[in-house]
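When you line the sequence shown up against the numbering used here, it's residues 259 to 592, in that order. Inspection log for the structure reproduced underneath, given as structure tokens.
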Amino acid sequence: MPELQCDLSDNGQAESTYHYLNGSLFPIKGLPYDINEKYRIIEKLGFGGFSTVWLAIGIHKENLGRWFAIKILKSNKSNQDDENKLKNDLRKLEEKSHSIVPCLDTFRIKSCYDTDNQHFCLVMKVSGPSLRAYVVTEKPPIDKRRLLAINSTKLLMEMHQNGIVLDDLSSSNFLLRICSLRGFSETQLREKIGEFDDKLQLDLIDIVGHTTFKAFTTAYAAPEVLEGASSTIESNVWGLGCLICEIMTLGWVPFEEQHYVARNQDAYFGMDDEGKLKHLLQIYGDGGDYLDAEQASSLAKFLQKIFVMDPPLRPTTKMILECLKDPKFLASES
């Protein structure tokens, strides 16, 4: 079962203490913690580049005993109009797909450091752990990883078919779907929140940006997005390639090393085809316990077709899905 608790960290495994010290993140001072007179925070579910996410139970007569995930965003000076636009945008998108985790409520809390700033909070349905947390902690076998890659591709296809392009495509925003938690005690919830059916279905969060500037996760961003272009279907395909690599290698993201993503991409595009293939193979070494040599080579050749500079030359999600479903892809040496 994935761990619920997520401690502070300065090594990328949790949110940095710096963001609490400078007032960006809201400090939850001891658990349980009551917030907005309607919710009681029980544990931390996770974190992202712009927020922390907490497990909470309803304590108001309108929501008593129901479970929620509360996302507390970094402090800002955004106004009521920004908040209303965000809620309207979320509502419209949620109507297009049942795979988008619904926002059930919103509220604001004052910053502990600057009274002019506030933290915008979104109350959402509780879903399972992020795709990244699941593959890193659970280390699923190759058949489950292939299924997760297929489901990720199908979910992105669904978004594109509904006219939705993801600005922040990352494994932190793909969540494993879990059963309904209505009526569960805290003990029961801890047991059920780590249970998934064999289909390993996924949901999406952060479809709409919560900040006034364009936010994306650098490690998954296509070269044109890093240079300031808007996200497109083709840039999402690049991000999907990064996501599939992360799933198959249990955590490795192709251009993330030392956080110099743009520089690593430039170095990659300066190589010939053989050099690019070697580079992709070196990202995850010999595969360790998660890929044999044949599987590692197959994955590298697959990714090489996705990571091309010219967006129109990248494969479509349909082509990627067909490849993932091919039994010859990632076939074992044995």
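Just so you know, even glycine gets a beta-carbon here, dropped at the ideal spot from N, CA and C.
Check, Outcome
"Through-space distance from L462 to K383, alpha-carbon basis", "11 Å"
"Delimiting residues of the alpha helix (DSSP H) encompassing K343", "Q338 to E352"
"Spatial neighbours of K354 in its chain, beta-carbon cut-off 8 Å, leaving aside the 5 residues before and after", "N420, G421 and I422"
"Of the residues A525, K583 and I400, the one placed nearest V566, counting alpha carbons only", "A525"
"Three-state class that DSSP yields for E301 in the structure shown", "strand"
"Classification of H520 by the beta-carbon crowding that lies within 10 angstroms, buried from 16 upward", "His is not the amino acid found at residue 520; the sequence shown has Ala there. The residue in question, A520, is exposed, as its Cβ has fewer than 16 Cβ neighbours within 10 Å."
"Residues near E341 by beta carbon distance below 8 Å, same chain, minus five either side", "T364, R366 and F378"
"Supposed contact pair T507 and L549 - C-beta distance, whole angstroms, cut 8 Å", "7 Å"
"Buried or exposed by the 16-neighbour rule on C-beta atoms within 10 Å, applied to L283", "buried"
"For S333 and S369, believed in contact at Cβ under 8 Å, the rounded distance", "4 Å"
"Those runs of the alpha helix (DSSP H) which lie wholly inside the region 424 to 488 and span at least 4 residues", "444 to 450 and 481 to 484"
"Contact check, G509 vs V394, beta carbons under 8 Å", "yes"
"Closest Cα partner of W312 within the set G323, P285, N321 and Y518", "P285"
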